[in-house]
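Undergrad: Sending over a structure as structure tokens; questions will come in a sec.
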Amino acid sequence: MSNKTLLLIGSGPGIGVAVSSLFAQRYFDNIALFARNPVQLEKDRETVLASAASVNCIVTVQTWQVDIGDLRRLEEALAEVAQFGDLECVYFNAARVAPSPFFEFPISGIEEDFKVSNLALYAVAKWAMPLLRAKATTGTDCRPSFLVTSSLLPVDPIPELFALSMVKAAQANLVKSLDKAFAPQGVHVGLVVVGGAVSPSAPALNAKNIAEQAWNLFAQKREDWKGQVTILEDKLVDWEPSI
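Here the sequence shown stands for residues 0 to 242, where the numbers follow numbering that gives the first Met the number 0.
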């Protein structure tokens, strides 16, 4: 069984595939991709394989069609990933991004957003942390990590996106709690805070640059661990807590 496995939850044409492609080029042997759309998953798989091949790296990429709001299906898929390879990093990139007008957006929609951003994240952490803690005790040169895409919504909510703002605030709180609990046990827990709308034409807020900063967070030595990196529209990268 290969030693370096990345599980990326919430694959897609933006941050998801950019992170998995870069991490495949630089470190990982196995890439596990979770998303709802099987057509996009296959595209992402081909992109990751081609990215790795472009720097003469050979990786194995396996995909799982998963609606992570279905917690039973999520747990089944996670059990399969445990057989796929030796988990070393989880990158959680899933979110439901859509307008939520006040008093028109149904309570059921808020519940679904919370399920995807928080309950699913909790289920993934419950599964992953024992594996990552065990990895940390092997004494080898490894980087057990649990990283989550975040935003500035926890501190600067957008009324038209109030539901997403609410659940991202709760999610950031959960990640910071995980950091306090598991960083002392050798697991690097961190937030990749995306400070605005992602666009291919944005100088800093493009998926490739966000993936680069996610890598910089992942690659830190234990004595230098930070709990978050923030990518801002004015091309600055902030390593101080922003949320």
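Quick reminder that beta carbons are idealized off the backbone N, C-alpha and C, glycines included.
This one's a predicted model, so the numbers in the text were calculated from it and none came from an experiment.
1. With 16 as the cutoff for other CB atoms within 10 Å, does alanine 196 come out buried or exposed?
2. Could you spell out where the alpha helix (DSSP H) holding glutamine 170 opens and where it closes?
3. In or out: glutamate 68 buried (at least 16 other Cβ within 10 Å) or exposed?
4. Which two residues bound the contiguous beta strand (DSSP E) that contains isoleucine 30?
5. Let me make sure I understand the geometry here. Which of Gln61, Leu32, Phe104, Met128 has the alpha-carbon closest to that of serine 144?
6. For the beta strand (DSSP E) that contains glutamate 79, what are its first and last residues?
7. Just the Cα atoms here: how many angstroms apart are leucine 86 and leucine 5?
8. Using alpha carbons as the reference points, say which of Glu222, Pro12, Lys3, Ile8 lies closest to proline 199.
9. How many whole angstroms separate the CB atoms of valine 166 and aspartate 233, which I take to be in contact at a CB cut-off of 8 angstroms?
10. When you compare the region 92-111 with the region 69-78, are there three or more beta-carbon pairs, one atom per stretch, that lie closer than 8 angstroms?
11. Give the straight-line distance between the Cα atoms of isoleucine 242 and valine 174, rounded to the nearest whole angstrom.
12. Within its chain, find whatever has a CB closer than 7 angstroms to the CB of methionine 0; leave out the 5 residues flanking it on each side and keep chain order.
13. Kindly list the residues whose CB is nearer than 6 angstroms to the CB of leucine 231, restricted to its own chain and excluding five residues on each side of it in sequence; keep chain order.
14. I'd like to know if the region 46-57 and the region 12-23 are in contact, where contact means that at least 3 CB-CB pairs between them fall below 8 angstroms.
15. My output table needs one value for leucine 190: the three-state DSSP class, helix, strand or coil.
16. According to the neighbour-count rule (16 or more other Cβ atoms, all chains shown, within 10 Å of its Cβ), is threonine 148 buried or exposed?
17. For isoleucine 230, list the residues DSSP reports as bridge partners.
18. Start and end of the alpha helix (DSSP H) containing isoleucine 14?
19. Would you call the region 128-143 in contact with the region 178-188, where contact means no fewer than 3 C-beta pairs closer than 8 angstroms?
20. Could you check whether isoleucine 8 and valine 96 sit closer than 9 angstroms to each other, using their CB atoms as the reference points?
21. Along the beta strand (DSSP E) that carries leucine 152, what are the first and last residues, could you check?
TA: Concretely, from the data shown:
1. Along the sequence shown, one-based indexing puts residue 196 at 197. Label assigned to alanine 196: exposed.
2. By one-based count along the sequence shown, residue 170 stands at place 171. First-last of the alpha helix (DSSP H) with glutamine 170: 161-181.
3. Taking the first residue of the sequence shown as 1, we reach residue 68 at position 69. The amino acid at residue 68 is misidentified as glutamate; the sequence shows glycine. Classification for glycine 68: buried.
4. As a working mapping, residue 30 is identified with position 31 in the sequence shown. It spans 29-34 - the beta strand (DSSP E) in which isoleucine 30 sits, taken as one unbroken run.
5. Taking the sequence shown and counting its residues from 1, the one referred to as residue 144 is at position 145. For the residues Gln61, Leu32, Phe104, Met128, the minimum Cα distance to serine 144 belongs to Met128.
6. For this step, residue 79 is matched to residue 80 along the sequence shown. Here glutamate 79 belongs to no beta strand (DSSP E); instead the alpha helix (DSSP H) covers 70-83.
7. Mapped onto the sequence shown, residue 86 falls at position 87. Mapped onto the sequence shown, residue 5 falls at position 6. Those two C-alpha atoms are separated by around 6 angstroms.
8. The sequence position of residue 199 within the sequence shown is 200, counting from 1. Comparing Cα positions, the closest option is Pro12.
9. Within the sequence shown, numbered from 1, the residue matching residue 166 stands at position 167. Within the sequence shown, numbered from 1, the residue matching residue 233 stands at position 234. About 27 angstroms; that fails the 8 angstroms criterion.
10. no
11. Position 243 of the sequence shown, counted from the start, is the residue given in the question as residue 242. Position 175 of the sequence shown, counted from the start, is the residue given in the question as residue 174. For isoleucine 242 and valine 174, the distance between alpha carbons rounds to 11 angstroms.
12. Taking the first residue of the sequence shown as 1, we reach residue 0 at position 1. Confidence at methionine 0 is low in this model, with a pLDDT of 48, below 50, so its placement is unreliable and no value can be given for it.
13. As a first step, residue 231 must be located in the sequence shown, where it is residue number 232. Once the five neighbours on either side are set aside, the close Cβ partners of leucine 231 are Gly194.
14. yes
15. As a working note, residue 190 is residue 191 in the sequence shown. Strand.
16. The residue given as residue 148 occupies position 149 in the sequence shown. The residue is buried, with at least 16 neighbouring Cβ atoms inside 10 Å.
17. Within the sequence shown, residue 230 is the residue found at index 231, counting from 1. Paired residue(s): Val193, Val236.
18. Position 15 of the sequence shown, counted from the start, is the residue given in the question as residue 14. Isoleucine 14 -> alpha helix (DSSP H) spans 14-25.
19. yes
20. Against the sequence shown, residue 96 aligns to sequence position 97. Against the sequence shown, residue 8 aligns to sequence position 9. No, they are not a contact pair.
21. For the purposes of this step, residue 152 is taken as the residue at position 153 of the sequence shown. From DSSP, leucine 152 is part of no beta strand (DSSP E); its letter is neither H nor E.
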